[in-house]
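Trainee: This structure is in structure tokens; I'll ask about it shortly.
Protein chains: 2
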Amino acid sequence: MAKLPTMFSLRHFLVLSLALNVSLLLRLMMHQGAQKAHKERTNSVTEEHHNIHKSRMVISSSSSSSSTSSFANSTSTTGGYNRVINLDHGDPTAYERFWRQTGDKSTITIQGWQSMSYFSDVTNICWFLEAEFGREVVRLHNVVGNAVTEGRHIVVGTGSSQLFLAALYALSPTDSPEPISVVCATPYYSSYPSMTDHLKSGLYKWGGDAESYEKEGPYIELVTSPNNPDGHVRRSKVNRSQGFLVHDLAYYWPQYTPISAPADHDLTLFTVSKSTGHAGMRIGWALVKDQEVAKKMTKFIELNTIGVSKDSQLRAAKVLRAVSDSWELGNSKESESFFKFSHKLMANRWKQLRLVVESSELFSLPKFSPAFCTFFNQVLEPQPAFVWLKCEGNVEDCESFLRGHNILTRSGTHFGVSPKYVRISMLDTDENFNQFLDRLSAIMS
Amino acid sequence: MAKLPTMFSLRHFLVLSLALNVSLLLRLMMHQGAQKAHKERTNSVTEEHHNIHKSRMVISSSSSSSSTSSFANSTSTTGGYNRVINLDHGDPTAYERFWRQTGDKSTITIQGWQSMSYFSDVTNICWFLEAEFGREVVRLHNVVGNAVTEGRHIVVGTGSSQLFLAALYALSPTDSPEPISVVCATPYYSSYPSMTDHLKSGLYKWGGDAESYEKEGPYIELVTSPNNPDGHVRRSKVNRSQGFLVHDLAYYWPQYTPISAPADHDLTLFTVSKSTGHAGMRIGWALVKDQEVAKKMTKFIELNTIGVSKDSQLRAAKVLRAVSDSWELGNSKESESFFKFSHKLMANRWKQLRLVVESSELFSLPKFSPAFCTFFNQVLEPQPAFVWLKCEGNVEDCESFLRGHNILTRSGTHFGVSPKYVRISMLDTDENFNQFLDRLSAIMS
């Protein structure tokens, strides 16, 4: 063993070492202070969200016979049978559980100086489309195999709602004395008539049920497949010349329906809200064959909102990438792929629902035919995002009947059909869905 | 002096102290490692944005006589006098320099599971308004003193463009046989006519110049103050009963104009694009007195885009907070306040512009009267976001004349007045602005 330093040197070393201790401690405290401040900022965003969630837990006293007021009444309260369970909207909160477990893979950080300009790529027809988002859209469609992207212009929108309006604007003849008719087979998405007619446009006008449409001349037919509200696969009905088709494929994803083939239409709409569950992002996209139609849709969005939020596009790109990655990198115990999670979620919910309702004389559910899914490579049942429930027997107004039991749903009348039907969301939180099943059981017993 | 510890104790102390040093060093290295990983994630988003900027540097060959195609031609190329300088739009890239130096204060991180719902606060009239954003709007108006927020409903929009359309929808009578006229004194914002008329709405219709408006009955008058394009302070012109006023105060911020008093109107529009420079965010807000008007504006946005991007609202809240903080926490060498930076920027640019143009017989600039600014507490000159340049002498078409010199501007005809005027952006990059001054000098010499 080496000879120890003298008392004089030891003392010096100790002093030096203590000085170093103090210095390192101070630096560490600085770092932790910075981290804490960062956490507090993050927590204030987190806390804000918790507060918003809490504020959603409000007694909704007025009924929602129109889809308009219903948006303001999207909350439920605690309190047993008196608890109002609001399943009127398709707020996709069921997916939150998946996204909580993805961690950093789906986190985005945006610096203050980024994405300030109006413009994304001015050489593109859709000059406000963020290239990164466009790439992830193409990739996801390739992964899932649910749409042809080759030869398509991508137009991004503030939700597919804005793209629907952009499509009407783009497809309407410019110099017609009469507005072009916009039709859709019943039951149709409850917002289509009001979205079409609220501005009393001279360019287009709601023409009602496509099945009974007989007017001469050009028309626009909306084809939603799988359909909202009833979940069935659909084709166009009118099938005459001079018709423009808008295919709304919001639910053409593997968790809702077997993927039969890549959709290959002239104008196809998708939305992040129903694919990944990020409804608050307000991002949708259109795959458009015709360049002139793509230009006019872009023009509409320019006049409406001078483009689409870049922050949301960048975040959507991150989220879509996480979905594609989760599938392509395979499933493991640590990280289940998004589509496996969501398919399992919907399968469980529909199974539980059918168990509860199957022997009931009060209610009936739609029947679906299984089909081969090219994505999951097996024969599977459709499991739509909404249940199109029918009240049997003497119950003529199903929405009122269920409202009397504190379950808020959307009446079939909003979808152009009988009030014996209601549309009920299958995408809400686990808590709300389980309470809904319990309530149905209670009604039936 | 106290007796020193024995050699045995000193050695022990030294060993303990050294052990503590090692432990503290290791902890510090861990923290720095975590920070570096965070920076790398940020840099990958940064790199994406550099690629987008590169894609903007494309030769724009077609001219832009209409504001429509002009959006697709917002780029400039390198190359001396042949370089096309596009100052047709108000893309606020001048502010990027400020935001680069704010660092973390304006950075936002959003986790994958946050803000997924459609809903923000369903107890609020504007159910998609993020509370945090609403609070920062109120705070900023208090800091600047440019608007009364007491007794106002805040409606958030995808830019003030969407809020303008929402205002038209909300103020139009529902059961009138004729569309209500929408008027504005010339020179008016070039997009107003097309935004008003592109859907040929039965509810409202462009009625032209407010100064010469004489039609009986209800009307909507747009008052933009400071005005776009000429920068002058404005009041309403029609001043009859049955008139609804929409005040567009996009430029009522201290860097553009003296703040005379808090704006106190029935319906006032603001936009993040022109206050902080974050045009790509697509966020605007309206301060609305009348509850029914606020409800109808909310309804419009619901039908148009089912709300407004939450990601953008949260980011806007962060940015507005950084602006308010930068003012309230005082100016220092390390961190200049946003308004000090931006006021100085505009002051320098206008000073340089006047120096170049003042002795010219070819061009003339508007004259502005200095006024007391309650924000900066001194008498100051207006320094608008656009220069309303007039070509004097024989030049009848100023836009063509300047286009011949590879400067793209927006012709006065788009603003309802003579082609001897053009609107030129004062908000573009330093590089473009300096090149513009050089080009003007070259033209005049």
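Chains A and B supply the protein sequences, listed in that same order. Each residue of the first sequence is one higher than the one before, starting from 1 at the first, in my numbering. Each residue of the second sequence is one higher than the one before, starting from 1001 at the first, in my numbering. The beta carbon of each residue, even a glycine, is placed where N, CA and C say it ideally should be.
1. Can you tell me whether A:F372 is buried or exposed, with buried defined as 16 or more other CB within 10 angstroms of its CB?
2. Using C-beta distances below 7 angstroms, list every residue in its chain close to B:F1270, excluding the 5 sequence neighbours before and after it, in chain order.
3. How about A:L10 and B:L1018: do their beta carbons lie closer than 9 angstroms?
4. Measure the C-alpha to C-alpha separation of B:E1431 and A:N124 and round it to an integer number of angstroms.
5. Looking at chain A, which residues of the region 1179-1211 of chain B have a Cβ within less than 9 angstroms of any of its Cβ atoms?
6. Name the chain A residues that come within less than 9 angstroms of B:M1281, Cβ to Cβ?
7. Pairing CB atoms from the region 1127-1141 of chain B with CB atoms from the region 1313-1326 of chain B, are three or more of them under 8 angstroms?
8. When the Cβ atoms of the region 1227-1234 of chain B are set against those of the region 1338-1351 of chain B, are three or more pairs found closer than 8 angstroms?
9. On the DSSP letters alone, give me the boundaries of the alpha helix (DSSP H) that A:Q313 sits inside.
10. Here's a check: name, in chain order, each residue in its chain whose Cβ is nearer than 8 angstroms to the Cβ of B:N1406, leaving out the five neighbours to either side.
11. Give a yes or no on whether the minimum CB-CB distance between B:Q1255 and chain C is below 9 angstroms.
12. Under the DSSP definition of a beta bridge, which residues are partnered with A:H247?
13. Just the Cα atoms here: how many angstroms apart are B:E1302 and A:N434?
14. Can you confirm whether B:F1341, when its beta carbon is compared against all beta carbons of chain A, has any partner nearer than 9 angstroms?
15. Output needed in chain order: residues of the region 312-330 of chain A with a Cβ under 8 angstroms from some Cβ in chain B.
16. Kindly indicate which three-state DSSP category B:R1041 falls into: helix, strand or coil?
17. Quick check on DSSP: helix, strand or coil for A:T109?
18. Step through the CB atoms of chain A and report whether any lies within less than 9 angstroms of the CB of B:T1224.
19. Identify the contact partners of A:P92 in chain B, using a Cβ-Cβ distance below 9 angstroms as the criterion.
20. Taking only runs that begin and end inside the region 1129-1190 of chain B, name each unbroken beta strand (DSSP E) of 3 or more residues, in chain order.
21. Out of B:T1158, B:E1178, B:L1287 and B:G1277, which has the shortest C-alpha to C-alpha gap to B:E1468?
22. What residue from B:S1335, B:S1260 and B:W1253 has the CA that sits closest to B:K1274's CA?
23. On the three-state DSSP scale, how would you describe B:I1443?
24. For B:N1146, which residues in chain A fall below 8 angstroms Cβ to Cβ?
25. Specify whether the region 186-201 of chain A and the region 1201-1212 of chain B touch according to this definition: at least 3 beta carbon pairs, one from each stretch, less than 8 angstroms apart.
26. In terms of residues, what are the limits of the alpha helix (DSSP H) holding B:Q941?
27. In angstroms with no decimal places, state the Cα-to-Cα distance between B:E1361 and A:S120.
28. Which residues in chain A sit within 7 angstroms of B:T1102, going by Cβ to Cβ distance?
29. Any C-beta of chain A within less than 8 angstroms: which residues of the region 1163-1174 of chain B qualify?
30. Our contact map puts A:S181 next to A:G207 with C-beta atoms below 8 angstroms; I'd like the distance itself, whole angstroms only.
31. Are the CB atoms of B:F1386 and B:R1423 nearer to each other than 9 angstroms?
32. Measuring CA to CA, which of A:L24, A:S23, A:H89 and A:V22 is closest to B:I1306?
33. Output needed for A:F341: all residues of its chain with C-beta closer than 7 angstroms, excluding positions within five of it in sequence on either side, in chain order.
34. Going by DSSP, name the residue or residues bridged to A:Q378.
35. Within this structure, are the beta carbons of A:L24 and B:L1016 separated by less than 9 angstroms?
36. Identify whether B:C1398 lies in helix, strand or coil by the three-state DSSP scheme.
Mentor: Based on what the coordinates show:
1. exposed
2. S1160, L1249, A1250, G1284 and W1285
3. no
4. 24 angstroms
5. Close to chain A, meaning a Cβ-Cβ distance shorter than 9 angstroms, are the following residues of the region 1179-1211 of chain B: P1179, S1191, S1194, M1195, H1198, L1199, K1200, S1201, G1202, L1203 and Y1204.
6. S115, M116, S309, K310 and D311
7. Yes, since at least three Cβ pairs between the region 1127-1141 of chain B and the region 1313-1326 of chain B fall closer than 8 angstroms, the two stretches touch.
8. The region 1227-1234 of chain B makes no contact with the region 1338-1351 of chain B: fewer than 3 CB pairs, one atom from each, lie closer than 8 angstroms.
9. K310 to E328
10. Y1081, N1082, R1083, V1084, I1085 and R1439
11. Absence of chain C from the displayed structure is noted, the protein chains being A and B.
12. A:V223 and A:T268
13. 29 angstroms
14. Interface with chain A (9 angstroms Cβ-Cβ cutoff): B:F1341 is excluded.
15. S312, L314, R315, K318, V319 and A322
16. With a pLDDT of 35 at B:R1041, under the threshold of 50, the predicted position of this residue should be treated as unreliable, though the coordinate-derived value follows. Note: B:R1041 maps to helix in three-state DSSP.
17. Correct three-state label for A:T109: strand.
18. Contact of B:T1224 with chain A is not assigned, every C-beta pair being separated by 9 angstroms or more.
19. M1116, S1117 and Y1118
20. Those beta strand (DSSP E) runs which fall completely within the region 1129-1190 of chain B and span 3+ residues are 1153-1157 and 1180-1184.
21. Any property of residue 1468 of chain B remains undetermined from this structure, which presents chain B solely from 1001 to 1445.
22. B:W1253
23. helix
24. The contacting residues do not exist; B:N1146 stays about 22 angstroms from chain A at best.
25. yes
26. Since the displayed chain B opens at 1001 and closes at 1445, residue 941 of chain B lies outside it and no answer follows.
27. 39 angstroms
28. Residues of chain A whose Cβ lies closer than 7 angstroms to the Cβ of B:T1102 are, in chain order, G112.
29. Those would be L1165 and Y1169, in chain order.
30. 3 angstroms
31. yes
32. Of the listed residues, the one whose Cα sits closest to B:I1306 is A:H89.
33. F98
34. A:C373
35. no
36. DSSP places B:C1398 within a helical segment (H, G or I) once states are collapsed to three.
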